[in-house]
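I have placed the structure first, in the form of structure tokens, so that the comments after it can refer back to it.
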Amino acid sequence: MGAGALMLPTYLFGKSVPLDTPYSVIDPKLHKQLADVALNTAKSRGASYADVRIGRYLNQYLFTREDKVQNTVNTESYGVGIRVIANGTWGFAATDQVTPDGIRKAAEQAVAIAKANGKLQQEPVKLVPVQSYGEQNWRTPIEKNAFEVPLSEKVDLLLSANAAAQEQGANFVNNALFLVNEQKYFASTDGSYINQDIHRIWPTFTVTAVDPASGKFKQRAALSAPMGMGWEYMSGRAQDKTQGPAGLIFYGNTYDIKEDATAAARQAKEMIAAKSVKPGKYDLVLDPNHLGLTIHESVGHPLELDRVLGYEANYAGTSFATLDKWKAKNFNYGSKLVNLFADKTQDHSLGQVGWDDEGVKTKRWDLVREGTLVDYQAIRDQAHILNHDESHGCCYADSWSSVQFQRMPNVSLAPGTEKYSMQDMIKDVQDGIFIIGRGSYSIDQQRYNFQFGGTLFYEIKNGEVTGMLNDVAYQSNTQEFWNSCAKICDESDYRLFGSFFDGKGQPSQISAVSHGSSTTRFNGVNVINTARNI
Amino acid sequence: MAILSKEEARSLMEKVISLSKADECVVNLNSVEGGNIRYARNSVSTSGSEENTTLVVNSSFGKKSGTSTINEFDAASLEKVVRRSEELAKLAPENPEFMGALEPQQYQESKTYFKSTDDISPDQRAQFAADSIMPASAKDITAAGFLEDNAGFSSMMNSKGLFAYSQFSDVDFTVTMRTADGTGSGWVRRDFNDVKKLNTGEASQIAIDKALRSRNPKAIEPGKYTVILEPAAAADLINNMMNSMGARNADEGRSFLSKKGGGTKLGEKLVDERVKIYSDPLHPEVPFSTWSSEGTPMKKTAWIENGVVKNMYYDRYWASKQGKEALPSPSRFVMEGGNASLDEMIKNTRRGVLVTRLWYIRAVDPQTLLYTGLTRDGTFYIENGKIMYPVKNFRFNESPIIMLNNLEALGKPQRVEGNLVPPMKIRDFTFTSLSDAV
Numbered sequence: 267m268g269a270g271a272l273m274l275p276t277y278l279f280g281k282s283v284p285l286d287t288p289y290s291v292i293d294p295k296l297h298k299q300l301a302d303v304a305l306n307t308a309k310s311r312g313a314s315y316a317d318v319r320i321g322r323y324l325n326q327y328l329f330t331r332e333d334k335v336q337n338t339v340n341t342e343s344y345g346v347g348i349r350v351i352a353n354g355t356w357g358f359a360a361t362d363q364v365t366p367d368g369i370r371k372a373a374e375q376a377v378a379i380a381k382a383n384g385k386l387q388q389e390p391v392k393l394v395p396v397q398s399y400g401e402q403n404w405r406t407p408i409e410k411n412a413f414e415v416p417l418s419e420k421v422d423l424l425l426s427a428n429a430a431a432q433e434q435g436a437n438f439v440n441n442a443l444f445l446v447n448e449q450k451y452f453a454s455t456d457g458s459y460i461n462q463d464i465h466r467i468w469p470t471f472t473v474t475a476v477d478p479a480s481g482k483f484k485q486r487a488a489l490s491a492p493m494g495m496g497w498e499y500m501s502g503r504a505q506d507k508t509q510g511p512a513g514l515i516f517y518g519n520t521y522d523i524k525e526d527a528t529a530a531a532r533q534a535k536e537m538i539a540a541k542s543v544k545p546g547k548y549d550l551v552l553d554p555n556h557l558g559l560t561i562h563e564s565v566g567h568p569l570e571l572d573r574v575l576g577y578e579a580n581y582a583g584t585s586f587a588t589l590d591k592w593k594a595k596n597f598n599y600g601s602k603l604v605n606l607f608a609d610k611t612q613d614h615s616l617g618q619v620g621w622d623d624e625g626v627k628t629k630r631w632d633l634v635r636e637g638t639l640v641d642y643q644a645i646r647d648q649a650h651i652l653n654h655d656e657s658h659g660c661c662y663a664d665s666w667s668s669v670q671f672q673r674m675p676n677v678s679l680a681p682g683t684e685k686y687s688m689q690d691m692i693k694d695v696q697d698g699i700f701i702i703g704r705g706s707y708s709i710d711q712q713r714y715n716f717q718f719g720g721t722l723f724y725e726i727k728n729g730e731v732t733g734m735l736n737d738v739a740y741q742s743n744t745q746e747f748w749n750s751c752a753k754i755c756d757e758s759d760y761r762l763f764g765s766f767f768d769g770k771g772q773p774s775q776i777s778a779v780s781h782g783s784s785t786t787r788f789n790g791v792n793v794i795n796t797a798r799n800i
Numbered sequence: 009m010a011i012l013s014k015e016e017a018r019s020l021m022e023k024v025i026s027l028s029k030a031d032e033c034v035v036n037l038n039s040v041e042g043g044n045i046r047y048a049r050n051s052v053s054t055s056g057s058e059e060n061t062t063l064v065v066n067s068s069f070g071k072k073s074g075t076s077t078i079n080e081f082d083a084a085s086l087e088k089v090v091r092r093s094e095e096l097a098k099l100a101p102e103n104p105e106f107m108g109a110l111e112p113q114q115y116q117e118s119k120t121y122f123k124s125t126d127d128i129s130p131d132q133r134a135q136f137a138a139d140s141i142m143p144a145s146a147k148d149i150t151a152a153g154f155l156e157d158n159a160g161f162s163s164m165m166n167s168k169g170l171f172a173y174s175q176f177s178d179v180d181f182t183v184t185m186r187t188a189d190g191t192g193s194g195w196v197r198r199d200f201n202d203v204k205k206l207n208t209g210e211a212s213q214i215a216i217d218k219a220l221r222s223r224n225p226k227a228i229e230p231g232k233y234t235v236i237l238e239p240a241a242a243a244d245l246i247n248n249m250m251n252s253m254g255a256r257n258a259d260e261g262r263s264f265l266s267k268k269g270g271g272t273k274l275g276e277k278l279v280d281e282r283v284k285i286y287s288d289p290l291h292p293e294v295p296f297s298t299w300s301s302e303g304t305p306m307k308k309t310a311w312i313e314n315g316v317v318k319n320m321y322y323d324r325y326w327a328s329k330q331g332k333e334a335l336p337s338p339s340r341f342v343m344e345g346g347n348a349s350l351d352e353m354i355k356n357t358r359r360g361v362l363v364t365r366l367w368y369i370r371a372v373d374p375q376t377l378l379y380t381g382l383t384r385d386g387t388f389y390i391e392n393g394k395i396m397y398p399v400k401n402f403r404f405n406e407s408p409i410i411m412l413n414n415l416e417a418l419g420k421p422q423r424v425e426g427n428l429v430p431p432m433k434i435r436d437f438t439f440t441s442l443s444d445a446v
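Quick mapping for you: the protein sequence lines, in order, are chains U and L. Residue numbers for the first sequence, in this note's numbering: 267 to 800. Residue numbers for the second sequence, in this note's numbering: 9 to 446.
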């Protein structure tokens with residue numbers, strides 16, 4: 267499914283907890299004892315393998331509009347998920363009874379389910395080996411825990427950004443802040459006991475400008491990115507800002523919400539009178555906060571091995587990137603400049619963890635090297651299909667009550683190796699469009715044909731940005747698009763885009779994932795005009 | 009917790025309300041029991057069941073309100089959840105749009121619950137999957153499907169004496185059938201309140217036939233085509249339009265229903281005069297709860313009649329501000345149609361494209377309700393009243409408003425995702441590019 271699905275599953279909202287509840291974590295020693303109950307029970311009932319995830323999930327969401335706080339949501343969900351292999355078949359059971367008795371019953375149930383499903387199993391589960399890591403701890407490298415920041419400080423910041431936008435003439439501002447903390451304890455019969463404390467943050471808004479005379483309205487979304495960070499993301503440090511043409515400011519590892527809201531109001535008003543695009547072929551200059559979504563849809567999803575094999579056929583679909591293309595070792599995914607890599611260790615990214623949800627240490631690996639497809643995303647029960655002797659470490663479950671499965675790691679485009687800035691790139695374009703931020707996105711069920719919009723569009727003529735455009739969307743085919751990649755800015759321009767609520771599976775689970783890139787040029791892409799009259 | 013009767017739910021919530029020390033207290037008690045089975049590559053991949061009961065307490069002091077939730081129901085837990093919501097309310101910022109508790113209301117009774125669905129067993133789910141997989145594997149077709157069922161109750165009470173209670177049950181089944189050569193794909197969906205109406209074997213056969221008929225599709229040029237949208241294809245776009253009919257956005261000038269120079273299109277002709285869309289919680293085929301999440305009664309309401317916008321949604325706050333009656337958005341709608349079957353509609357088409365379903369639909373422009381997406385799992389070319397051959401999938405860029413102005417014919421409505429929607433023939437439907445996806 268898509269990156270932006272903002273339909274929040276109800277099961278993620280556990281019990282409400284008061285907003286002033288002191289932030290706490292649970293002692294891993296207690297979790298180790300409980301984990302051993304699960305593992306020992308499963309083994310005694312005939313499981314050949316078992317893992318247990320004891321999870322405490324905290325969410326804090328704030329919703330405001332103009333000068334009002336509309337809603338504050340503070341939830342906690344705590345429980346245990348137990349996964350086993352018995353008779354060569356997976357079984358899973360979960361419980362919110364985090365007691366030795368509750369856990370014992372769930373472990374027994376997981377084994378019983380595995381044995382029952384075994385009757386329908388065609389091939390026994392094969393796991394590639396994993397190292398026994400013993401007792402481990404990992405925490406997102408945050409500077410300031412956002413859950414420990416007083417609610418009033420968060421509300422004040424959001425409302426001050428709304429006020430700044432209204433001072434610049436915005437008619438409406440909807441502003442939200444999402445905070446997530448996953449406290450996860452993993453243990454398995456392979457001998458690992460891993461305690462992790464994972465933090466994510468996403469400030470986002472939509473500013474609307476209305477022109478009653480023409481009946482037109484335009485919206486400008488925030489240029490923030492959801493990040494694997496704490497409250498420090500909101501500090502808006504000068505060194506994390508990149509100045510662009512037309513007064514644009516791009517944000518890297520920190521974000522200035524007030525400054526962005528001010529710019530958003532100005533730009534939303536400017537959009538109302540902006541020129542409508544003439545359809546045709548253009549050279550596109552794509553900002554990292556836009557290109558991330560294109561990477562997500564056209565590279566991240568098609569290289570999920572379960573999709574390739576048909577396990578997602580009834581929902582998100584399958585993939586054009588079939589195993590024969592990978593085996594041939596010459597499938598031309600993109601131009602020679604294109605190096606796409608998966609990385610679960612990247613600082614500040616949403617997908618960063620020390621170990622995945624089946625106890626595999628995370629790493630970086632190549633998916634597309636110099637334009638050629640070289641690998642997929644695979645977990646322990648899939649890696650043997652690729653003749654790999656270890657998992658990629660990209661297994662994830664969105665709750666203790668959900669069964670873990672293969673999820674997209676951070677997938678990013680490697681920056682260009684020669685010194686080349688965004689300004690250099692714009693100077694080199696004769697007839698192009700600069701696209702900034704995420705917009706409408708749609709791609710087919712095998713990930714060939716896509717259409718993307720954006721937040722802001724600027725016309726480039728003879729190396730200069732000449733003004734704002736409206737009604738822009740580009741359509742392409744994944745392979746054709748990545749082969750039209752003509753130039754990539756250097757590492758100093760590398761920034762992260764993020765998807766906070768990516769959906770996959772039935773019943774659907776969400777996950778959060780980042781995509782890094784530098785500003786990138788694609789030549790001769792088909793642009794359509796989306797203006798209509800009703 | 010099993011499904012509580014109306015009186016059991018009332019008695020539990022009265023206990024909660026009696027503990028309240030707030031200015032006002034609103035209590036919701038909801039319970040759902042459900043199960044699912046998923047299969048792919050002709051084999052069951054996952055199955056599970058879930059039971060969840062929650063008590064939600066909202067306490068308010070003036071315009072400050074707080075909500076707390078719990079899933080334990082002993083006396084101490086009830087006391088705890090009420091006190092927590094009160095503490096939270098005291099800490100919360102004032103919400104100027106807070107409406108306070110509603111006076112007691114009268115609600116109609118709707119037949120939304122069927123015991124048959126509540127009683128589905130894991131064995132029955134496995135049989136539903138087997139009935140779908142077996143005919144597929146017999147024809148060398150690969151089935152991937154998902155069946156999910158839920159049953160439970162929702163109830164609400166407040167300190168002014170309002171009480172609402174309803175039960176529900178739903179089963180939803182989808183399956184995708186793909187041919188071994190990877191060039192053909194078919195799909196079907198069935199959903200009901202009463203599982204007795206579900207026959208996964210019969211439904212799966214439709215998807216199998218579509219998969220076989222859609223092998224080796226031909227590429228035809230994108231452009232404007234007369235299309236016949238099967239109910240599943242039409243439903244998604246109509247549903248998007250229905251979800252955008254909020255009065256507040258329209259009044260604020262940021263909706264497709266906002267008008268140049270101010271005001272809204274309420275009372276104006278928006279689409280072809282044959283278009284009639286209404287909602288009715290008592291409709292026997294698509295029933296839904298007779299009360300909204302705010303406690304407002306849900307009644308039969310016309311939304312579009314003879315192509316004219318008859319009503320927009322108002323929540324309690326916006327209704328009070330605009331001097332209107334609150335009119336909640338319905339969870340299900342009915343679009344009226346004709347008596348023609350899909351086959352008859354195909355027979356009456358000289359040239360056109362038959363579309364099984366649309367996929368990955370995303371809004372492009374909220375001003376015009378322009379959406380993009382793709383056809384999927386069975387797209388066919390029609391000539392002189394006959395399906396001639398399968399065609400490659402298209403990307404479309406179309407607005408349901410434009411589409412319903414280009415209406416040629418409506419067929420017999422069918423239930424799709426809880427709504428009743430007819431197959432429809434539309435001229436000049438805009439396909440903007442081709443896709444190789446199967």
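Ideal Cβ positions, reconstructed from N, Cα and C, are used throughout, including at glycine.
The beta carbon of Gly-558 (chain U) sits closer than 6 Å to the beta carbons of Phe-763, His-781 from its chain, once the five residues preceding and following it are set aside; these are given in chain order. Of the candidates L:Gly-74, L:Leu-170, L:Asp-351, L:Tyr-322, L:Asp-351 places its Cα closest to the Cα of Met-432 (chain L).
Residues of the same chain with a CB within less than 8 Å of the CB of Glu-333 (chain L), apart from the 5 flanking positions on each side, are Tyr-322, Ala-327 in chain order.
Excluding the 5 residues flanking it on each side, Ala-134 (chain L) has same chain C-beta neighbours closer than 8 Å at Ile-45, Val-52, Ser-55, in chain order.
Residue environment for Met-165 (chain L): buried (at least 16 other C-beta atoms within 10 angstroms of its C-beta). Looking at U:Ser-418, U:His-465, U:Lys-420, U:Thr-474, the one whose alpha-carbon comes closest to that of Asn-440 (chain U) is U:Thr-474. Close to chain L, meaning a Cβ-Cβ distance shorter than 7 Å, are the following residues of the segment 732-746 of chain U: Ala-739, Gln-741. Ranking L:Ala-146, L:Ala-227, L:Ser-177 by CA distance to the CA of Val-40 (chain L) puts L:Ser-177 first. Assignment of Tyr-642 (chain U) by DSSP, reduced to helix, strand and coil, places it in the coil class. DSSP places Ala-215 (chain L) in the uninterrupted alpha helix (DSSP H) bounded by 208-221. In this structure Pro-336 (chain L) is buried. Its beta-carbon is surrounded by 16 or more other beta-carbon atoms within 10 angstroms.
Look at Ile-285 (chain L): its C-beta is not under 8 Å from any C-beta on chain U.
Thr-406 (chain U) and Glu-414 (chain U) have their alpha carbons spaced roughly 15 Å apart. By the rule that beta-carbons nearer than 8 Å mark a contact, Leu-335 (chain L) does not touch chain U. Going by beta carbons, Pro-408 (chain L) and Leu-206 (chain L) fall outside the 8 Å limit. The continuous stretches of beta strand (DSSP E) do not include Gly-368 (chain U), which lies in the alpha helix (DSSP H) extending over residues 366-384.
Nearest C-alpha to Gly-70 (chain L) among L:Ala-30, L:Asn-251, L:Asp-82, L:Gly-43: L:Ala-30.
Here Gly-347 (chain U) is not near Phe-329 (chain U), since their CB atoms are 8 Å or more apart.
The three-state secondary structure of Leu-425 (chain U), taken from DSSP, is helix. For Gly-357 (chain U), the beta-bridge partners assigned by DSSP are U:Val-350.
It is roughly 43 Å from the alpha-carbon of Arg-311 (chain U) to the alpha-carbon of Pro-492 (chain U). In the DSSP assignment, the residues bridged to Phe-471 (chain U) are U:Asn-441. Rounded to whole angstroms, the gap between the alpha carbons of Tyr-459 (chain U) and Ala-453 (chain U) is 4 Å.
No Cβ of chain L is located within less than 8 Å of the beta carbon of Pro-469 (chain U). Interface criterion not met: the Cβ of Gln-375 (chain U) is under 8 Å from no Cβ in chain L. In this structure, Asp-710 (chain U) and Leu-382 (chain L) form a Cβ contact; the two beta carbons are roughly 5 Å apart against a cut-off of 8 Å.
Excluding sequence positions up to five before and after Pro-338 (chain L), its CB lies within less than 6 Å of the CB of Ser-287, all in the same chain and listed in chain order. Counting only residues of its own chain and dropping the five nearest sequence neighbours on each side, Phe-788 (chain U) has a CB closer than 6 Å to the CB of Leu-550, Ser-750, Cys-751. For the C-beta of Lys-267 (chain L), the chain U residues within less than 7 Å are, from N- to C-terminus, Gly-481. In this structure, Thr-364 (chain L) and Asn-405 (chain L) do not form a Cβ contact; the two beta carbons are roughly 19 Å apart against a cut-off of 8 Å. Residue-level contact check: Trp-367 (chain L) touches chain U, since one or more beta carbons of chain U fall below 8 Å from its beta carbon.
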